[in-house]
Amino acid sequence: MFNFMIDKFICNFSDNLKRRFTITTLLFFVCIPIIPMNSFAEETNETNEIKEIKEIKIGFVNTDRILKESNPAKASQKKIEIEFKKRDEELQKLSLSLRSQIEKFDKESLVISENDKIHLQRNLNNLDVDLQRKRREFQEDFNRRRNEEFSSIISIVNDSIKNIAEQDNFDLILQDAIAVNPRIDITDQVIRALNK
């Protein structure tokens, strides 16, 4: 009786295994044709995306070069230099005067009294502090004024870049990148447009 049960179990197991194998085989042959179609559809979508990427027109503009080489930037730089020339000359005169007073003090320090020496040192220190303050104020004013001028130039540059983008059908124009292929650099074109 025990053998009979084992034979029946093996027979049932074998029938179940045959059914499973048949179902798996059937599914395998039904699904195989679907997989390449999905794969083909994905490849087609990827190909279309790549074609779309290849059709994008990109340009690059080096803002630093424009702010150094364009006529509006040069004119602004010259205007600022003229505006601050007098203050710069005054600072240079103060610096030379302080230097000559220090040299004079160094020569006379051996022969003057200790009180005079202390008094002269205080005066020289006060002059040096005053000179440093004036230099700092000069630099702050100069930077502020330069930033004002360059912000108006940047506005003109951006308008020029937008015009070039519209005329030449650019999709994207970048400013100031780390690495750029010269093929997409349109800085010279922008400088020519600004110099007109």
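For any residue, its number in the numbering used here is found by taking its place in the sequence shown, counting from 1, and adding 529.
A virtual CB, placed ideally from N, CA and C, is assigned to each residue, including glycine.
The model shown is predicted, which means the values in this text are computed figures rather than measured ones.
Residue 634 is a Cβ neighbour of residue 649, given a cutoff of 7 angstroms. The C-alpha of residue 723 is placed about 11 angstroms away from the C-alpha of residue 692. If you draw a 10 Å sphere on the C-beta of residue 599, you find 16 or more other C-beta atoms in it, and that means buried. Here the segment 594-611 makes contact with the segment 671-691; the two share three or more CB pairs at distances below 8 angstroms.
Your pair residue 586 and residue 700 checks out as a contact, with CB atoms roughly 5 angstroms apart and the cut at 8 angstroms. Secondary structure of residue 590 (DSSP, three-state): strand. Under the three-state reduction of DSSP output, residue 701 falls in the strand class.
C-alpha of residue 654 to C-alpha of residue 612: approximately 30 angstroms in a straight line.
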